[in-house]
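In my numbering, the protein residues as written are 8 to 202. Beta carbons: idealized from backbone N, C-alpha and C, even for Gly. Quick caveat, the model's predicted, so the values are computed rather than measured.
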């Protein structure tokens, strides 16, 4: 007697767009949540941070697990960059001028102006997160080809060198009088060459 076949429900992964919507909801609703006391502010801040980081990780994993080809990922990346540029150079100047006009006449921004501000920053955040995940997808697909390891390594090294020598965080720490002692102690505590 053969065992009866059992029906197994195929698990479908959660869509990355759902995680993107969660990120947007946190960005848009978070600033408007009523906070009755300091404890609630701290607890809600910690909780929202955990959920936000989880949503970003979930979105990144969803994009990484998708089977985008390099041309598809590059096409999506171009679209995301276009959205970011449109917000940065098209929408941001309008939002800033409205907020500036309200401030000049001594008024607080209206709820609509605040929503527009947070909506604009949210759109840019979503574009940045999406762009970073798509760049990671493209790089991961390219690294699978052995001939691409050298050029990718060289590009990463150039970015690192640029960050140290030409105004990156390390350069800023080494040139700023306030942070210079901290940077020097960190370098002295680090590994020594040839040891």
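- By a beta-carbon distance limit of 8 angstroms, residue 145 contacts residue 84. Their separation comes to about 7 angstroms.
- With 16 or more other CB atoms across the displayed protein chains lying within 10 angstroms of its CB, residue 129 is buried.
- With respect to the 8 angstroms criterion, residue 71 and residue 138 are not classified as neighbours on the basis of their beta carbons.
- Secondary structure within the region 12-92: the alpha helix (DSSP H) runs of 4 or more consecutive residues, fully enclosed, are 23-36, 45-72 (chain order).
- With contacts defined as CB atoms closer than 8 angstroms, residue 99 and residue 118 fail to qualify as a contacting pair.
- Taken through DSSP and simplified to helix, strand or coil, residue 129 comes out as helix.
- Residues 26, 29, 30 of the same chain have their beta carbon placed closer than 6 angstroms to that of residue 62, with the five preceding and five following residues left out of the count.
- Counting only the Cα atoms, residue 115 lies some 26 angstroms from residue 49.
- Pairing residue 90 with residue 192, the inter-Cα distance amounts to about 43 angstroms.
- No residue range can be given for residue 185, since it is assigned to no alpha helix (DSSP H) and is classified by DSSP as neither H nor E.
- Boundaries of the alpha helix (DSSP H) harbouring residue 100: 99-111, taken from the DSSP string.
- CA-CA distance, residue 52 to residue 73, rounds to 31 angstroms.
- For the set 40, 33, 80, 39, the Cα lying nearest the Cα of residue 57 is the one of 33.
- Here residue 65 has 26 as same chain residues with Cβ atoms under 6 angstroms from its own Cβ, once five neighbours each way along the sequence are excluded.
- The beta carbon of residue 81 sits closer than 7 angstroms to those of 145, all from its chain and outside the five residues before and after it, given in chain order.
- Only residues of its own chain outside the window of five on either side were considered, and among them 127, 130, 131, 134 have a CB closer than 8 angstroms to the CB of residue 94, listed in chain order.
- Residue 105 places its beta carbon less than 8 angstroms from that of residue 120.
- Annotated three-state conformation of residue 117 is coil, per DSSP.
- One Cα belongs to residue 166, the other to residue 159, and the distance between them is close to 11 angstroms.
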